[in-house]
Amino acid sequence: MTQHCTMEDLLAVRDGEGTAAARRHVDECPACRAEVDRLHQVAAALRALPVQRPPRDRWPELRAVAAGVGRRRRRWIATGWVSLAAAAALAVILGVRPGRWSGGQMAAQPVSLDSLVAASQQLQRGGASRDEVLRLWQQRVQLMNQLVNVHVTRAAYVGL
Amino acid sequence: MGPGVLTPTVGTVLDDLAIQRARAGDLDALERIYRAYEGTVYTLARRICRTAEDAEDVLQETFFEVCRSIGGFRGSGPGSLTAWIKRVASSKALMRIRREKYRETDELFEDGDAVARRDPDVALTLDLEQALARLPDRSRAVVWMHDVEGYTHEDIAEMMGMTVSFSKSQLARAHARLKTWLGEEHR
Ligand SMILES: [Zn+2]
Chain U
0 MTQHCTMEDL
10 LAVRDGEGTA
20 AARRHVDECP
30 ACRAEVDRLH
40 QVAAALRALP
50 VQRPPRDRWP
60 ELRAVAAGVG
70 RRRRRWIATG
80 WVSLAAAAAL
90 AVILGVRPGR
100 WSGGQMAAQP
110 VSLDSLVAAS
120 QQLQRGGASR
130 DEVLRLWQQR
140 VQLMNQLVNV
150 HVTRAAYVGL
Chain P
0 MGPGVLTPTV
10 GTVLDDLAIQ
20 RARAGDLDAL
30 ERIYRAYEGT
40 VYTLARRICR
50 TAEDAEDVLQ
60 ETFFEVCRSI
70 GGFRGSGPGS
80 LTAWIKRVAS
90 SKALMRIRRE
100 KYRETDELFE
110 DGDAVARRDP
120 DVALTLDLEQ
130 ALARLPDRSR
140 AVVWMHDVEG
150 YTHEDIAEMM
160 GMTVSFSKSQ
170 LARAHARLKT
180 WLGEEHR
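Structural data, given as structure tokens:
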């Protein structure tokens, strides 16, 4: 490279990404070497600019939103487990065999909330092999289907 | 308020326990995270956005997202939390740069170096902060993201929806302009 480096070349050399030709030129050319040094200094000066502070405190508004998110999350979890538990309890009380109202396509084993919880917990713990995870997911989906089916059953019993 | 945009005293303020509590929705822990990062996020936003109002909006949007999504945050330690929060803030700030009104004025600027014409005495009169603020939006964003925040051209291209070579050329143009405006003062 007989000409001086372009700004893009100089920046690449500064950042350790320059081409071999650009690096060689910078090694041999005092002007370009000085320019790379200057670019290092500009970057350092930019990093040393003072931290800026927002003119207003935004936390009070954010806190209200964060509180809402927390409430929704907790309500969702509570509602989810209460309805699953209710469905399972009803299934036990009525001795419902899930699948009776779905054309006999479903597996005819009784719904067990414990097995659903166990499958979910095993999935959350991780560490299982791919096949194992797949099997657990299938098990979980199957159990969820059965619980949904119990809901349908219950609706039919109460005449909805 | 001393220098050190990249090194907020986060490590001394936050620990894994606070992060865990924030993930569970503990408001005091979330406030500690907000207090630890508000300066970092606002500074990043203020350097990238054109106005203080935009930067405040980015600050708010960033922490809305942090509060909403921290439950699913899977990193551990303040280092990965810093990286995550900065990434969220960068994306939000760069979104603003991508908006039409910004782009139009940017292109005007690129066309004829409007600032230099409008204000011929600009050279040698600016300090670094003023010179930075004077850069076209996308150039300023690339300089800040690359030279200060340490993102690669690949990261920046992805976040800004541009090519890697565009990011490199924006950085070069920005430094060429800064050199002119700062004159020989800044050596
Ligand atoms: Zn040279």
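Chains as they are written, first to last, in numbering that gives the first Met the number 0: chain U, 0 to 159; chain P, 0 to 186.
Note that the Cβ used here is the ideal one computed from N, Cα and C, for glycine as well.
Predicted model only: the values in this text are computed from it and were never measured.
Here DSSP, grouped into helix, strand and coil, assigns F62 of chain P to helix. Taking C-beta separations shorter than 7 Å and ignoring five residues to either side along the sequence, the partners of D53 of chain P in its chain run R95, following chain order. Annotation: Cβ neighbours of A65 of chain U in chain P (cutoff 7 Å, chain order): L26, L29 and C66. If you draw a 10 Å sphere on the C-beta of R52 of chain U, you find fewer than 16 other C-beta atoms in it, and that means exposed. Residues of chain U with a Cβ closer than 7 Å to the Cβ of L58 of chain P are, in chain order, P53 and R57.
Straight-line measurement puts the Cα of V68 of chain U at about 46 Å from the Cα of R13 of chain U. With a cutoff of 7 Å on beta-carbon distance, L10 of chain U and L170 of chain P are scored as near each other. At a beta-carbon threshold of 8 Å, the residues of chain P lying near E60 of chain U are Q59, ordered along the chain.
Chain P places a beta carbon closer than 7 Å to that of R46 of chain U, counting this residue as a contact. The beta carbon of R172 of chain P sits closer than 7 Å to those of S138, all from its chain and outside the five residues before and after it, given in chain order. The C-alpha of I69 of chain P is placed about 16 Å away from the C-alpha of E37 of chain P. By the C-beta density criterion, L58 of chain P is buried, having at least 16 other C-beta atoms within 10 angstroms. Within chain U, not a single residue places a beta-carbon under 8 Å from that of Y36 of chain P; the smallest gap is close to 11 Å. A Cβ of chain P is located within less than 7 Å of the beta carbon of A42 of chain U. The Cβ-Cβ distance between A21 of chain P and A28 of chain P falls below 7 Å. At a beta-carbon threshold of 7 Å, the residues of chain U lying near Y33 of chain P are W58 and L61, ordered along the chain.
Chain order gives the chain P residues near E7 of chain U as K167, S168 and A171, where near means a beta carbon separation below 7 Å. Between ligand 1 and H174 of chain P, a heavy atom-to-CB distance of less than 6 Å is absent.
The beta carbons of V163 of chain P and H152 of chain P sit about 5 Å from each other, so the pair counts as a contact at 8 Å.
Nearest C-alpha to Y41 of chain P among U:H3, U:A66 and U:D56: U:D56.
Only residues of its own chain outside the window of five on either side were considered, and among them L80 and W83 have a CB closer than 7 Å to the CB of G74 of chain P, listed in chain order. Sequence-distant partners of F62 of chain P (beyond 5 residues in either direction) whose C-beta falls short of 7 Å from its own C-beta, in its chain, are Y33.
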